[in-house]
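Protein chains in written order, with the working numbering: chain L, 1 to 235; chain Y, 1 to 235.
Think of the CB as a built atom: it goes at the ideal place given N, C-alpha and C, for glycine as much as any other residue.
Given the structure is predicted, the values throughout are model-derived calculations rather than measurements.
To start, the structure under review is shown below, and the notes come after it.
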DNA sequence: GCAAAAGTGTTCGAGTTACACCCATGC
DNA sequence: GCATGGGTGTAACTCGAACACTTTTGC
């Protein structure tokens, strides 16, 4: 096997940008690193890919082990590969990063593998202190993940994954505002999302109990394509 | 180093989806494999990433070695990582695939490293016979690359990279039609692309010599963002 | 009744489409 | 002149932005 001597081995990891909306604010799940390197720093959940394991399966496995999140609780999509020499001081590691979006994800203490894990508002995690606060190149990966999520809300039903199983238009509206950080006209938003074919299916129920007129309850399809897209105000 | 024994090594490669418009048709550069596995089959140009080398630098290096294409001749962007166990029967290989778009790229025989290389129309390379004709999972990678390119023409100036250094609106129009495989109204296209701020800068020259009224010559910026985007007819 | 939240109507204007038309060149 | 391709005009239409308005509940 000529390559074995000629070409050096790499380690491959799967790292996860796990995003969820909590208290009307977009949060990322980060873990506190126990060991070196970057001991004590926050990092993306992740770990080594096994030799006979799919890249996607590795991401799902880490999702369960590090975050206690099941396959059906999120939608998962590949973000990119990051592999600068020296990004891990120990040896050459190429990480394949994944974006996971979910709703009502568990508080990380339960079933978590990592030393400590917590939900951090992305506004904080991406702030000017992020570069110093996050391990490896995870600040860049997180930024890429958040940007991907924002872009995906424009032309897919991904926002449904950030709501519960069922939700109202107001819930969906809050998700869009939280992820994009902009205000969207309530009335136009309502018409828009209810008008996109295949995105929202009414359950027939209404959500009562709160003040005001009861809202119709929908089920969403994260895999749906929104055409025409919902546009962010800026850009 | 605990990981060394615990986690097995991977090989990492950089594979390239190199696209160019030739004779009003989108083509991909493919190489004929000399050795096993998949000897004699067509494959994407690519090769092993070196231990101290950037992933992006590896892509540029392979671009030069396998296709004779320089850094400034294309725009390059990462596509995705592909790493199913068994995608290479020899050992575990994760490939990071890249999309490269260029114009007037060289005929592959000159300076090429591969046994044989040729430009293949993507319509042919993605056809029903592609799965059997291409090595590894390169049919899927190529399909993803072409789809990425098509999507990028909508909201970026990438099409400029598929024209020469300078070009006319008609040249650009031909590129869009070739890549998308649809007909676009000539008049509306003209207004659209000349109206997007920052995309086209007139050189002041006109292209004469052909029949008909001389066309104004422009320079394009592939990195420009097209807002609002140019929409494909379908979808 | 009143506040609050859900949902609808209406107007305006920007952008797209379809297609007619004019412009500048080679022969 | 006439064919050829470059470029502009224009009217109908679609869609999103803004915001006024109606509906349905809890208290």
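Along the alpha helix (DSSP H) that carries residue i, what are the first and last residues, could you check?
i: residue 41 of chain L; result: Taken as a continuous stretch (DSSP letters only), residue 41 of chain L belongs to no alpha helix (DSSP H), as it is neither H nor E.
Excluding the 5 residues flanking residue i on each side, which residues of the same chain have their C-beta closer than 6 Å to its C-beta?
i: residue 103 of chain Y; result: 162, 163 and 164
i: residue 12 of chain L; result: 49 and 94
i: residue 224 of chain L; result: 157, 198 and 199
i: residue 30 of chain Y; result: 42 and 120
i: residue 196 of chain L; result: 226
i: residue 20 of chain Y; result: 27, 102 and 105
i: residue 14 of chain Y; result: 46, 49, 58, 59, 62 and 96
i: residue 69 of chain Y; result: 63 and 105
i: residue 4 of chain L; result: Because residue 4 of chain L carries a pLDDT of 47, less than 50, the predicted location of this residue cannot be relied on, and the following value inherits that uncertainty. Counting only Cβ-Cβ distances below 6 Å, and skipping sequence neighbours, we find nothing.
i: residue 219 of chain Y; result: 166, 201 and 203
i: residue 145 of chain L; result: 17, 79 and 99
i: residue 189 of chain L; result: 173
i: residue 107 of chain Y; result: none
i: residue 83 of chain L; result: 94
i: residue 56 of chain Y; result: none
Keeping to the same chain, check which residues put their C-beta closer than 7 Å to that of residue i; ignore five residues upstream and five downstream.
i: residue 139 of chain L; result: 130 and 131
i: residue 71 of chain Y; result: 60
i: residue 91 of chain L; result: 11
i: residue 87 of chain L; result: 93, 136 and 137
i: residue 171 of chain Y; result: 163
i: residue 221 of chain L; result: 157, 160, 198 and 199
i: residue 174 of chain L; result: 24
i: residue 193 of chain Y; result: 169, 172, 199 and 200
i: residue 183 of chain L; result: 177
i: residue 204 of chain L; result: none
i: residue 143 of chain L; result: 126
i: residue 110 of chain L; result: Note that residue 110 of chain L scores 47 on pLDDT, short of 50, meaning its location in the model is unreliable; the coordinates nonetheless yield the value given after this. Same-chain partners within the cutoff: 68.
i: residue 9 of chain L; result: none
i: residue 148 of chain Y; result: 79 and 99
i: residue 118 of chain L; result: 30 and 108
i: residue 186 of chain Y; result: 173
i: residue 320 of chain L; result: Nothing about residue 320 of chain L can be read from this structure; chain L reaches only from 1 to 235.
Spatial neighbours of residue i within its chain, please: CB distance less than 8 Å, with the 5 preceding and 5 following residues excluded, ordered by chain position.
i: residue 74 of chain Y; result: 18, 63, 100, 101, 102, 105 and 161
i: residue 215 of chain L; result: 168, 169, 170, 206 and 207
i: residue 213 of chain L; result: none
How is the beta strand (DSSP E) around residue i delimited, first residue to last?
i: residue 64 of chain L; result: Run containing residue 64 of chain L: none in the beta strand (DSSP E); it sits in the alpha helix (DSSP H), 55 to 67.
i: residue 107 of chain L; result: Element bounds for residue 107 of chain L: n/a, residue is neither H nor E.
i: residue 25 of chain Y; result: 25 to 32
i: residue 77 of chain L; result: 74 to 82
i: residue 22 of chain L; result: 11 to 22
i: residue 231 of chain Y; result: Where residue 231 of chain Y is concerned, there is no enclosing beta strand (DSSP E), given that its DSSP letter is neither H nor E.
i: residue 102 of chain L; result: 93 to 102
Exercise. Does the region 48 to 65 of chain L come within contact of the region 68 to 79 of chain Y, defined as at least 3 CB pairs closer than 8 Å?
Worked result: Counting C-beta pairs closer than 8 Å gives fewer than three between the region 48 to 65 of chain L and the region 68 to 79 of chain Y, which falls short of the contact rule.
For this session: Please specify which runs of the alpha helix (DSSP H), each continuous and at least 4 residues long, are wholly inside the region 109 to 183 of chain Y, giving them in chain order.
Result: Counting only runs of 4 or more, we get 122 to 125, 130 to 133, 138 to 155, 159 to 162 and 169 to 180.
Problem set entry | the region 51 to 65 of chain Y touching the region 148 to 157 of chain Y, judged by at least three CB pairs closer than 8 Å | No, the region 51 to 65 of chain Y is not in contact with the region 148 to 157 of chain Y.
Exercise. Are at least three pairs of beta-carbons, each pair with one atom in the region 129 to 139 of chain Y and one in the region 37 to 46 of chain Y, less than 8 Å apart?
Worked result: Touching, per the Cβ criterion.
For this session: Go through the region 179 to 229 of chain Y residue by residue and report every complete run of the beta strand (DSSP E) that reaches 3 residues or more, in order.
Result: The qualifying runs are 200 to 207 and 215 to 220.
For this session: Answer yes if the region 224 to 233 of chain L comes into contact with the region 166 to 173 of chain L, meaning at least three C-beta pairs across the two stretches below 8 Å, and no otherwise.
Result: The count of Cβ pairs closer than 8 Å, one atom from the region 166 to 173 of chain L and one from the region 224 to 233 of chain L, stays below three, leaving the stretches out of contact.
Exercise. In chain order, what residues of the region 130 to 147 of chain L put their CB closer than 9 Å to some CB of chain Y?
Worked result: Cβ contacts with chain Y: none found.
Exercise. When you check each C-beta in the region 195 to 226 of chain L against every C-beta of chain Y, which residues fall closer than 9 Å?
Worked result: Hits within the stretch, in order: 225.
For this session: Identify each residue in the region 86 to 100 of chain Y for which the Cβ-Cβ distance to at least one residue of chain L is less than 8 Å, and report them in chain order.
Result: Listed by position, the residues of the region 86 to 100 of chain Y near chain L (Cβ gap below 8 Å) are 90, 91, 92, 94 and 96.
Exercise. Taking a cut of 7 Å between CB atoms, which residues from the region 65 to 87 of chain Y lie near chain L?
Worked result: Hits within the stretch, in order: 78, 80, 81, 83, 84 and 85.
Problem set entry | Near-chain L residues of the region 167 to 190 of chain Y (beta-carbon distance less than 7 Å), N- to C-terminal order | Cβ contacts with chain L come from no residue of the region 167 to 190 of chain Y.
For this session: Anything in the region 53 to 64 of chain Y with a Cβ closer than 8 Å to a Cβ of chain L? List those residues in chain order, please.
Result: Within the region 53 to 64 of chain Y, the residues whose Cβ lies closer than 8 Å to some Cβ of chain L are 53, 54 and 55, listed in chain order.
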